[in-house]
Amino acid sequence: MAPDILCIGSVLWDIIGRSPTSMRLGSDVPGRITRLPGGVAMNIAMTLRRFGMTPALLTAVGRDAEGDELIAACDRLGLGTDTVYRSDDLPTDRYMAIEGANGLVAAIADAHSLEAAGDKILRPLADGRLGTEVAPWSGPIALDGNLTEGLLAEIAVSPLFLRADLRVAPASPGKAGRLLPLLNHPSATLYVNLEEANILARSEAATAAEAAQALLARGAGRVLVTNGGAPAAEGRRGQGVITGQPPQVLVTRVTGAGDTFMAAHLVAERRGADRQSALDEALRAAATYVSGDIGS
């Protein structure tokens, strides 16, 4: 089946340890450890698939046992894997996180294979499978910040992305700065949390609305800023900033919440929702996710 959206970035194994106990540095507590398909691009693709879209993945996965298992899991989920770059000499990437009752305690993302693969993951956009330089892909693209700053800078000026509806998410606050080349891209929508927004805008905003305004002032065309359980904001150049209040829920997990928000917002817009309705729908979807009411 032909894809209707491309998800470019990290597809890896999420190894998540969760405990119902609040944790601090050095805590040693009982809990559960799970291994699930994850990564920003993967999380977005899974949510899009749940909402009825047909995503194709552009990423790097090793030709090791973990990679074969990951590709099989993607296929079972209905995600397009024909466009995945399979490397003979790079291992499949992994992400490890610890979550307590007080939220994310610590995480390490090992996405070195994706970084090493570089622009090889973009070949389907140029070789005719998904487009060419003269006839580039014209649909939506979800792009994550696990790519290198150099590759993201290339994407910002590449004719392969000239007609795309580009939706961009940082992989983490530590990688938010990588998105600077895309800040002024004419068709880019940035999805960030408050910390990431302040890094990109070089601001000290205390609310999502203030951070959205700061990003617009820095030249962004369109931004969405979340702030946990506090109001989120959506800002557009020349159209101002609107806000939405996330529903109050019991938080049972946090890894993947931002990716779910982004996917739900994109789907709501494709269904014709206005600005406020799309923001509110995305906030409800993210709240449902962190409450654990839907499967990973």
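To convert, count from 1 in the sequence shown and add 2; that's this note's numbering. Here a beta-carbon is modelled for each residue, glycine too, at the ideal position from N, C-alpha and C. Predicted model only: the values in this text are computed from it and were never measured.
Beta-carbon within less than 8 Å of residue i's beta-carbon, same chain only, minus the 5 sequence neighbours each way: which residues are those?
{"i": "MET25", "result": "VAL31, ILE100, GLY102, ALA103, ASN104, VAL107"}
{"i": "SER293", "result": "VAL251, LEU252, VAL253, THR254"}
{"i": "GLU271", "result": "ALA280"}
Could you please give me the residues that DSSP links to residue i through a beta bridge?
{"i": "LEU59", "result": "CYS9"}
{"i": "GLY237", "result": "VAL225, VAL243"}
{"i": "TRP144", "result": "It is Ala, not Trp, that sits at residue 144 in the sequence shown. Looking at the DSSP assignment, ALA144 forms a beta bridge with CYS9, ARG169."}
{"i": "SER205", "result": "DSSP output for SER205 lists no bridge partner at all."}
{"i": "MET98", "result": "ILE17, ILE110"}
{"i": "PRO39", "result": "TRP15"}
{"i": "SER89", "result": "GLY64"}
{"i": "LEU192", "result": "VAL170, VAL225"}
{"i": "ARG34", "result": "ARG20"}
{"i": "ALA232", "result": "ASN229"}
Grab me the residues of residue i's own chain with a C-beta within less than 6 Å of its C-beta, minus the 5 sequence neighbours each way, in chain order.
{"i": "THR85", "result": "ALA58, LEU60, PRO126"}
{"i": "SER298", "result": "Because the pLDDT of SER298 is 48, which lies under 50, any placement of that residue in the model is unreliable, and the question is left without a value."}
{"i": "ALA284", "result": "PHE263, ALA266, HIS267"}
{"i": "ALA211", "result": "ALA235, VAL243, THR245"}
{"i": "CYS76", "result": "THR83"}
{"i": "PRO22", "result": "ALA103"}
{"i": "GLN215", "result": "VAL243"}
{"i": "SER205", "result": "ALA216"}
{"i": "ARG34", "result": "ARG20"}
{"i": "ASN45", "result": "GLY258, ASP261"}
Give me the Cβ distance between residue i and residue j, rounded to the nearest whole Å; I'm assuming they're in contact under 8 Å.
{"i": "PRO175", "j": "GLU198", "result": "5 Å"}
{"i": "THR94", "j": "ASP66", "result": "6 Å"}
{"i": "PRO196", "j": "VAL227", "result": "Sequence inspection shows Leu at residue 196; the Pro mentioned does not correspond to that position. With a Cβ gap of about 6 Å, LEU196 and VAL227 count as contacting."}
{"i": "ASN186", "j": "THR209", "result": "At roughly 24 Å, the Cβ-Cβ gap does not stay under 8 Å, so ASN186 and THR209 are not in contact."}
{"i": "ASP146", "j": "GLY237", "result": "With a Cβ gap of about 21 Å, ASP146 and GLY237 do not count as contacting."}
In chain order, what residues of the same chain have a beta carbon less than 7 Å from the beta carbon of residue i, not counting five sequence neighbours either side?
{"i": "MET3", "result": "THR56"}
{"i": "THR36", "result": "ILE18"}
{"i": "VAL63", "result": "VAL13, GLY69, LEU72, ILE73, VAL86, ARG88, THR94"}
{"i": "ALA289", "result": "PRO248, PRO249, VAL251"}
{"i": "ARG131", "result": "THR85"}
{"i": "ALA275", "result": "GLU283"}
{"i": "ARG286", "result": "PRO249"}
{"i": "LEU50", "result": "ILE7, PRO57, ALA265, VAL269"}
{"i": "ARG277", "result": "GLU236, ILE244"}
Should residue i and residue j be called a contact, given that it needs their Cβ atoms to be closer than 7 Å?
{"i": "ARG96", "j": "ASP112", "result": "yes"}
{"i": "GLY82", "j": "PRO5", "result": "yes"}
{"i": "LEU181", "j": "PRO188", "result": "no"}
{"i": "ILE143", "j": "ALA166", "result": "yes"}
{"i": "VAL42", "j": "ASP261", "result": "yes"}
{"i": "ALA203", "j": "ARG224", "result": "no"}
{"i": "ALA190", "j": "VAL170", "result": "yes"}
{"i": "LEU149", "j": "ALA118", "result": "no"}
{"i": "LEU153", "j": "GLY120", "result": "yes"}
{"i": "PRO138", "j": "LEU162", "result": "yes"}
{"i": "ALA207", "j": "ALA213", "result": "yes"}
Against chain B, does residue i count as a neighbour if the rule is that its beta carbon must be under 7 Å from one of theirs?
{"i": "GLU212", "result": "No chain B appears in the structure shown, which is made up of a single protein chain."}
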